[in-house]
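Please read the structure below before turning to the comments.
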Amino acid sequence: MLAYRSGIFPMADRRDDPEIFWIEPRQRAILPLDGFHLSRSLARTLRRGRFTVTCNAAFSEVMDACAAPRATEDGQSWISHRIQRSYEQLNALGLAHSIECWQAGADGSRELVGGLYGVGFDGVFCGESMFSRVPDASKIALAWLVAALRRGHAALLDCQFLTPHLASLGAVEMPQQRYLALLQSAQSWVAGSAAGEAAGAGEAAGEGDDEGAGAGVLSLPEAFAALLEDAASAGLSSSPGYFIAQSLTQTS
Numbered sequence: 037m038l039a040y041r042s043g044i045f046p047m048a049d050r051r052d053d054p055e056i057f058w059i060e061p062r063q064r065a066i067l068p069l070d071g072f073h074l075s076r077s078l079a080r081t082l083r084r085g086r087f088t089v090t091c092n093a094a095f096s097e098v099m100d101a102c103a104a105p106r107a108t109e110d111g112q113s114w115i116s117h118r119i120q121r122s123y124e125q126l127n128a129l130g131l132a133h134s135i136e137c138w139q140a141g142a143d144g145s146r147e148l149v150g151g152l153y154g155v156g157f158d159g160v161f162c163g164e165s166m167f168s169r170v171p172d173a174s175k176i177a178l179a180w181l182v183a184a185l186r187r188g189h190a191a192l193l194d195c196q197f198l199t200p201h202l203a204s205l206g207a208v209e210m211p212q213q214r215y216l217a218l219l220q221s222a223q224s225w226v227a228g229s230a231a232g233e234a235a236g237a238g239e240a241a242g243e244g245d246d247e248g249a250g251a252g253v254l255s256l257p258e259a260f261a262a263l264l265e266d267a268a269s270a271g272l273s274s275s276p277g278y279f280i281a282q283s284l285t286q287t288s
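Under my numbering, the first residue of the sequence shown carries the number 37, and numbering increases by one thereafter.
Structure below.
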């Protein structure tokens with residue numbers, strides 16, 4: 037977690053690699069939370085509710101899928117068994133989270149068809165990897181992630197490296213030094229938000245008159261649950277994807 041707070045992340049050369057390499061790229065990618073590109077076709081997919089979306093329902097399964105060999109990686113994966121065990125421990129500690137996309141199988145069972153995982157702290161979420169077994173599944177997971185982070189008052193969504201896929205969804209690239217400034221600002225902003233909440237509590241007790249206390253940052257599971265509650269309050273509990281599409285259309 038100290039590495040993540042310092043703008044560094046781990047990788048390995050292959051699935052069975054016992055060694056870990058700490059990466060600090062010269063160029064860093066982020067996805068501005070107010071800059072997610074929701075295409076018309078993706079918005080339609082969200083509204084139609086083709087997928088059931090969950091949070092932290094199958095963390096290890098998502099990591100397994102992300103680590104599976106891909107044709108573009110010569111059969112290798114940078115997610116080693118050692119790295120996966122570490123993230124599973126972070127998940128147990130409430131510091132790593134997953135978003136899952138499910139579809140009904142031919143026998144009526146629920147099949148995992150897409151998702152993503154990453155590390156969350158303060159107002160920051162560091163996306164690690166995503167996968168898709170059917171068209172649009174990873175995009176839907178990312179759309180729900182962005183909506184949840186916005187709902188949770190997060191400040192920064194780190195994507196590590198820019199890819200054409202991420203760029204098409206609104207991700208941008210910047211020098212690592214600029215990223216570090218944003219990272220520090222996001223962590224400082226959260227600390228200030230907490231201080232503002234304390235001041236607001238004092239004001240309620242007649243001990244101060246500060247205004248603009250921070251709303252507080254929610255963890256990804258809390259923000260995800262809040263999104264579902266918002267959808268239910270809007271009468272869309274049976275179609276939360278419609279609510280997500282609406283919220284992203286209004287803020288993109």
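Using N, Cα and C, we set each Cβ at its ideal position, and we do this for glycine too.
From a predicted model like this one, the values you see are computed outputs, not experimental measurements.
When rounded, the separation of the alpha-carbon atoms in Met210 and Ser275 is 37 angstroms. A straight-line Cα-Cα distance of about 29 angstroms links Phe57 and Leu69. In the three-state reduction of the DSSP assignment, Met37 falls in the coil class, being assigned neither a helical nor a strand state. Within its own chain, the residues whose Cβ lies closer than 8 angstroms to the Cβ of Arg146, once the five positions on either side in sequence are excluded, are Thr88, Trp138, Gln139 and Ala140, listed in chain order. Residue environment analysis places Glu136 among the buried positions, since at least 16 neighbouring C-beta atoms fall within 10 angstroms of its C-beta.
Inter-residue distance for Ala262 and Phe45 is about 29 angstroms (C-alpha atoms, whole angstroms).
Per DSSP, the continuous alpha helix (DSSP H) segment holding Glu124 begins and ends at His117 to Ala128. For Gly43, the CB contacts under 7 angstroms within the same chain, skipping 5 residues up- and downstream, are Glu60, Gln212, Tyr215, Leu216 and Leu219 in chain order. Inter-segment contact for the region 175 to 194 and the region 48 to 57 is absent: fewer than three beta-carbon pairs are separated by less than 8 angstroms. The shortest C-alpha to C-alpha distance from Ala101 to any of Phe260, Arg169 and Leu202 is the one to Arg169. In the DSSP assignment, Ser168 forms a beta bridge with Gly150.
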